[in-house]
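Take a look at the structure below.
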Amino acid sequence: IEFLWKWRKYLLLLATLVASVTYGAGLNPPGGVWSQDQEGGTSNARGAAVQPRAPPLLPPAPAPAVYPNRVGDPVLVSTYMRRYTAFFYCNAAAFVASLVTIMFLLDRRISGNRVGLTVLRSAMLLDLLALMAAFAAGSCRDVVASIYISALFAVVFVYVALHVGVASASSGSSLLLLLGRKAPDSCPWDAEENKYIRERRKFLFLLATFATSLTYAAGLAPPGGFWTKTVAGHRAGAPLLHDGRYKIRYHAFFYANATSFVASLAIIMLLMSRTLRDRLARSYALLVCVLVELLGLMAAYAAGSCRWPTTTVYVFSLVGAVLLYIVLQMAIAVFAMDMFKKWREAICNIVTTCAGKSGPKQEIVKQKRDKKIDLDNGPEDKVEASRSLVLLLATLAATVTYQAGLSPPGGVWPEDDDQGRTHHIPGNPVLHDMHSKRYKAFYHCNTAAFVASVVVIIIVQSRQLSAVGRAALKTAMILDLFSLMGAYVAGSCREKVTTIYVAALAVAVFVYSIAKVVAFTAQGRQTMPIECVKNPARL
């Protein structure tokens, strides 16, 4: 129970997000709803309807009544009845299990005993299983896609089960070996490493939580929307991009999004296992899952947010440039920094030796050198202290930009235009055809913000990249905020007056923030000599 209670706020966040996405999916089911009254029932249902027996002296009885599909009814009830039934019950089970988890985590007296702990674990397991089943039933319409998702889930479960079995066997044998031994003294390096591993687990859990809810919602409501009626070989409730000319693009989005969803669930299950959390923290399993999750998100965004090859090439080139930059930063962190530290230590030792042989002078020089090193480590300590806040900001920015890219402002064309303008293709953004410049500005700014958020997440996840790439981290954060403001200005309004107003407001807020930072920095520099005079030990 102590393990679960330490992770209480993260489990509450996970349960809250799952409850929110399942609540929204239940009210707005996949496939959409009927926009007009439709004739309900099938030919078999009409033939099996019971007709009342007509009296001999009366006219023939009317045709059997068939309940219509009224406006607002789910489309999948008529077109994919079994899939909708499976989705509905699994989604409802995940929603209720999330509420039970929230109630049990809010009061320790409920989950403090064995019965409450068993119910809590069962609710969490039911929540994840129901979420998987609802995603598999509601996100796809064909058998191949269902088999792919089910196979991914099976691979994840088998992998986790194998790790649990190996970890249990190794822990039992190691316990027998340690019974007759004295526990070794813990060194400060081990304590620091364990602290870093704990913080890394929390960061990964936070990232996986947001990615799970994001990919779940995107899978149930794919870009382009759904067909509103069955006509010309298109079935109502099916994804619009799947049956149109963008079938390959839709398949790329679907499989990338589903892979990212499964990777997020795998991270959550691996981190929630008390047996595996310490064993896998130092392995490459979590790293592989994180890379698969982020690459899946970027591939799904590139495939689902645009409809033209030029924009797709732009997104992939931007992602490739980002990955190349990260690889170069890691190479610098591994090779160049170690060599630089050795040279600096050698130069400092030579200068200290040449300065004099006297002990007090050498000690004073050494103290000054140590204080200089401590001052150099100041920015790194500040970065370490603010890593959780930076990760939260980047995760939220990636979430909103991913959703905005898949569901652009202005919506998409629902069907072919029959007024002589054949360039209106179903699934294409309306804003692109009506306000081309605004859409391009929104798309490029939103894409830059999404990629910058992913860069920030990757840098913050690695301690080496956080230490070396502080300038890159600050640059990515500034680019992220500026791109968010640009995307909001371009996509939230259609008139020049409102655009100027929103842009002026954003510039005013930015100038005010810069002025506050400059004033605070100047005040800190002025007060530093006074503090040094009052407290000479700071020198």
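At the far end of the sequence shown sits residue 539, using our numbering, and the numbering has no gaps. Beta carbons are placed, not taken as given, at the ideal position from N, Cα and C, and that holds for glycine. Just so it is clear, the structure is predicted and the values come from calculations on it, not from any experiment.
So residue i and residue j are in contact, right, with Cβ under 8 Å, and what is the actual spacing, rounded?
i	j	result
Tyr10	Phe95	About 20 Å separates the two Cβ atoms, so there is no contact after all.
Leu271	Arg201	6 Å
Pro223	Leu393	Pro223 to Leu393, Cβ: 25 Å. No contact.
Asn91	Ala134	4 Å
Arg8	Leu105	5 Å
Leu265	Leu128	6 Å
Thr499	Val489	6 Å
Gly237	Tyr402	Wrong, their Cβ atoms sit about 24 Å apart, outside the cutoff.
Ala299	Ala252	7 Å
Gly77	Gly225	One point to set straight first is that residue 77 is Val, not Gly, in the sequence displayed. Actually they do not touch by this definition, with Cβ atoms about 18 Å apart.
Distance, Cα to Cα, residue i vs residue j?
i	j	result
Tyr314	Ser122	46 Å
Cys493	Val119	49 Å
Leu131	Tyr255	17 Å
Ile102	Pro309	45 Å
Phe540	Ser305	Only positions 1 to 539 of the chain appear in the structure, and residue 540 is not among them; the question remains open.
Ile267	Phe203	11 Å
Arg387	Asp73	46 Å
Arg235	Gly31	10 Å
Lys496	Asp480	24 Å
Val451	Lys440	16 Å
Tyr246	Met434	21 Å
Val21	Ala522	46 Å
Leu295	Ala471	24 Å
His444	Ala404	12 Å
Tyr250	Tyr84	21 Å
Tyr301	Arg114	44 Å
Thr475	Ile458	14 Å
Phe442	Val292	27 Å
Tyr216	Phe261	7 Å
Gln461	Ala208	12 Å
Ser453	Ile350	44 Å
Ser150	Pro29	21 Å
Asn549	Ala504	Outside the displayed range of the chain (1 to 539) lies residue 549, so it cannot be described from this structure.
Lys229	Ile248	22 Å
Thr312	Asn446	14 Å
Val290	Ala86	30 Å
Gly116	Asp107	10 Å
Ala93	Tyr159	25 Å
Ser436	Asp243	25 Å
Going by DSSP in three states, residue i sits in which element: helix, strand or coil?
i	result
His432	helix
Pro223	coil
Val75	coil
Pro426	coil
Pro309	helix
Leu11	helix
Assuming contact is defined by CB atoms lying nearer than 9 Å, are residue i and residue j in contact in what I supplied?
i	j	result
Ser98	Ala15	yes
Pro414	Leu240	yes
Val18	Ser213	yes
Val540	Leu391	Since the displayed the chain opens at 1 and closes at 539, residue 540 lies outside it and no answer follows.
Gly138	Ala25	yes
Met269	Val155	no
Ala221	Leu297	no
Leu13	Leu206	yes
Leu318	Ala449	no
Pro426	Gly491	no
Phe389	Thr259	It is worth fixing the name first, because residue 389 is Leu in this sequence and not Phe. It is not a contact, given that the beta carbons lie outside the stated cut-off.
Val33	Val75	yes
Can you tell me whether residue i sits near the ligand NAD, meaning its C-beta is under 8 Å from at least one heavy atom of the ligand?
i	result
Gly224	With respect to the ligand NAD, the structure offers nothing, as it holds no ligand at all.
Note to self: With three or more C-beta pairs closer than 8 Å as the rule, is the stretch 472-489 touching the stretch 429-436?
What the structure shows: no
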